[in-house]
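> The structure is given below, and queries will be raised subsequently.
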Amino acid sequence: MNITKTVFEYVDQHPSIKDCVTKGVINYSALSRFIAQDLGLDAKKHFDAVVIACRRYYAKVKNKEPMETRIKKLLAASRVEVKNKIVVAVVEKDLYYANLIELHREVKAKAEVFHIIEGSSTMTIITTAGFLEHIKRFFKQKIIKITENLAELNLKSSRELEQIPGVMAYLTSLLAGNGINIIETMSTWTDTLFVIDEKDVPKAMQVLRF
9 MNITKTVFEY VDQHPSIKDC VTKGVINYSA LSRFIAQDLG LDAKKHFDAV VIACRRYYAK
69 VKNKEPMETR IKKLLAASRV EVKNKIVVAV VEKDLYYANL IELHREVKAK AEVFHIIEGS
129 STMTIITTAG FLEHIKRFFK QKIIKITENL AELNLKSSRE LEQIPGVMAY LTSLLAGNGI
189 NIIETMSTWT DTLFVIDEKD VPKAMQVLRF
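In structure tokens:
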């Protein structure tokens, strides 16, 4: 077994560990014992080799700009738009599509929020509360679930967004880590959208200050 290669692959596959190693804020002895145990290695036999591999990994990445830094720079230049009174309706996919087209036409005529997420057997419709009765009328028995009292956060970023990996993962972990449940999420090129509970908006806005 090539210990160095194995350790490098392990660290690369664990973002939280990689982040700490990259920043040089980790105890290599503790990390080495953890990695050895997780990989089922003989700690006594391979401990020194794992420690050396961890230090080599740090030497390889220490002069690179951390991905988190690039992400924060991007987000610091982004702006956040909030829309409240959002509803999310999950409906069966075998609906009458003419009704979906008509709903879309009516919502867009008033320049309101309208998104569709298509799954294998269901469709999720995201729009404003003012069109809830339209949804109930158009889809009737096809409705599986409706969630009200939601808000949509839209992070508008520069085109650099598509060149930086991990932005969505960073944002979702940041929100979740602060107890904010994400009902739905999607992205459209430079826009990253999250649907959350309205009561979580103040906390989310605080968390999303970069």
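Sequential numbering of the sequence shown, starting at 9, is according to my numbering.
We put the beta carbon where it would ideally sit given N, CA and C, even for glycine.
Only a predicted model underlies this, so the values are computations on that prediction, with no experimental measurement involved.
Among R113, T130, S129 and L82, which has the Cα closest to the Cα of F122?
Looking at the Cα atoms, R113 is the closest of the given residues.
> Ignoring anything shorter than 3 residues, give me the beta strand (DSSP E) runs that lie fully in the segment 171-200, in order along the chain.
Fully enclosed beta strand (DSSP E) runs of 3 or longer: 190-196.
> Is it true that the CB of C62 sits closer than 7 angstroms to the CB of S40?
Yes, the pair counts as a contact, with Cβ atoms nearer than the cut-off.
> So, for N221: in the same chain, excluding its five sequence neighbours on each side, which residues have a beta-carbon less than 6 angstroms away from its beta-carbon?
No information on residue 221 is available, as it lies outside the stretch 9 to 218 that the chain covers here.
> Give the single residue among G185, I109, V95 and F202 whose Cα lies nearest to the Cα of S24.
Of the listed residues, the one whose Cα sits closest to S24 is G185.
> Would you kindly check if the distance between the Cβ of Y66 and the Cβ of V15 is under 7 angstroms?
Not in contact: V15 and Y66 (Cβ atoms no closer than 7 angstroms).
> For I172, I'd like the list of residues in its chain whose CB is within less than 7 angstroms of its CB, leaving aside the five on either flank, ordered along the chain.
Taken in chain order, the residues that qualify are R78, I79 and L82.
> Give every residue of the same chain whose Cβ lies closer than 8 angstroms to the Cβ of T130, excluding the five residues on either side of it in the sequence, and list them in chain order.
Hits under 8 angstroms: V98, V99, E100, K101 and I152.
> Within the present structure, is the beta-carbon of F202 separated from the nearest heavy atom of the ligand SAH by less than 6 angstroms?
The model on display carries no ligand, and the ligand SAH is accordingly not part of it.
> Kindly identify the DSSP beta-bridge partner or partners of F16.
According to DSSP, F16 bridges with nothing at all.
> Spell out a yes or no on whether the segment 156-171 and the segment 104-118 are touching, meaning 3 or more CB-CB pairs, one atom from each, closer than 8 angstroms.
The segment 156-171 is not in contact with the segment 104-118.
> Would you decide whether D208 is buried or exposed? Buried here means 16 or more other CB atoms lie within 10 Å of its CB.
Flag for D208 reads buried.
> Straight-line CA distance for L103 to I143?
C-alpha separation (whole angstroms): 12 angstroms.
> Verify whether the separation of the beta carbon atoms of T132 and V115 is less than 7 angstroms.
Against a cut-off of 7 angstroms, the Cβ pair of V115 and T132 comes out as no contact.
> Could you tell me the boundaries of the beta strand (DSSP E) in which N107 lies?
Element bounds for N107: not the beta strand (DSSP E) but the alpha helix (DSSP H), Y105 to A117.
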